[in-house]
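Numbering (this note's numbering), first residue to last: 4 to 201. Here's the structure, in structure tokens; my notes come after.
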Amino acid sequence: MAARKLIARINPTNSALFVCDLQEKFASNIKYFPEIVTVSRRLIDAARILNIPTVVTEQYPKGLGHTVPLLKEGLGENTPVYDKSKFSMCIPPVEDKLKNVQNVILVGIEAHVCVLQTTYDLLERGHNVHVVVDAVSSRSHTDRHFAFKQMEQAGAVLTTSESAILALLGGSDHPKFKEVQKLILTSAPDTGLVPAKL
Numbered sequence: 004m005a006a007r008k009l010i011a012r013i014n015p016t017n018s019a020l021f022v023c024d025l026q027e028k029f030a031s032n033i034k035y036f037p038e039i040v041t042v043s044r045r046l047i048d049a050a051r052i053l054n055i056p057t058v059v060t061e062q063y064p065k066g067l068g069h070t071v072p073l074l075k076e077g078l079g080e081n082t083p084v085y086d087k088s089k090f091s092m093c094i095p096p097v098e099d100k101l102k103n104v105q106n107v108i109l110v111g112i113e114a115h116v117c118v119l120q121t122t123y124d125l126l127e128r129g130h131n132v133h134v135v136v137d138a139v140s141s142r143s144h145t146d147r148h149f150a151f152k153q154m155e156q157a158g159a160v161l162t163t164s165e166s167a168i169l170a171l172l173g174g175s176d177h178p179k180f181k182e183v184q185k186l187i188l189t190s191a192p193d194t195g196l197v198p199a200k201l
């Protein structure tokens, strides 16, 4: 009988939210960019309500601009935003934020580059990675699709925004349930993961 892999459960005390490179200059060429930003904002808002640390990176902001305004509004003044030139988010100042973190909830772009490399680095460092598939995209559907396959094969958990948010709550008896529930009363926008019915 084969051993079953234990899926790490996320909760507010052992998790962090990583927001990867959702910057202004990517808006015109990333598939479903506005929807990815909207879904990422839901997770940022949930993290803020549940006091989950959030880390944000910007890839070469001098050329690619800064984090899009909708996300900046939700982050608050105390959320660190780090410049990077490495593809992975695992740069020294970010690694310092990982000391007491078991699970990383990961959103952003691009799936096959920065999100994938971040996933690999986090897994190598012993963290569980929960990739929110409806909050991750690339310029091409092909790159996005195969990036998700690679991440899952490497050991990441592929999840959705609503699943992650409800997992963080753990149940309707959570004291912040009503506040967080408001974020998901409307279904997440379509981000092109499931083909439309014919």
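Heads up, the beta-carbon is just placed ideally off N, CA and C, and yes, glycines get one too.
Three or more Cβ pairs closer than 8 Å define a contact, and the stretch 115-130 meets that threshold against the stretch 88-96. For the 8 Å CB-CB criterion, Ser140 and Ile39 form a contact. Counting every other CB atom within 10 Å of its CB across the protein chains shown gives Glu113 a total of 16 or more, marking it as buried. Looking from the CA of Asn32, the closest CA among His177, Leu171 and Ser143 belongs to Ser143.
At the C-beta level, Leu126 and Ile13 stay beyond 8 Å of one another. Counted as a single uninterrupted DSSP element, the stretch harbouring Lys87 is not any alpha helix (DSSP H) but the beta strand (DSSP E) occupying residues Val84 to Lys87. Approximately 6 Å separates the beta-carbon atoms of Asp24 and Thr60; this is inside 8 Å, confirming the contact. Uninterrupted beta strand (DSSP E) stretches at least 3 residues long and entirely within the stretch 77-137 occur at 84-87 and 106-112, given in chain order.
Exclusion of the five residues before and after Leu169 leaves Ile187 as the residues of its chain whose Cβ lies within less than 8 Å of its Cβ. Checking the DSSP bridge columns, you'll see Phe21 partnered with Val58 and Leu109. Exclusion of the five residues before and after Pro96 leaves Tyr85 as the residues of its chain whose Cβ lies within less than 7 Å of its Cβ. When the Cα atoms are used, Phe180 and Asp137 turn out to be separated by approximately 22 Å.
In this structure, the alpha-carbon of Asn131 lies about 6 Å from that of Gln105.
In the structure shown, Leu161 adopts extended strand secondary structure according to DSSP, grouped into three states. For Asp48, the enclosing alpha helix (DSSP H) begins and ends at Phe36 to Ile52. Considering only Pro64, Ser190 and Asp146, the residue with the shortest C-alpha distance to Lys34 is Asp146. Contact between Ala191 and Val42 holds, since their C-beta atoms are separated by about 5 Å, short of 8 Å.
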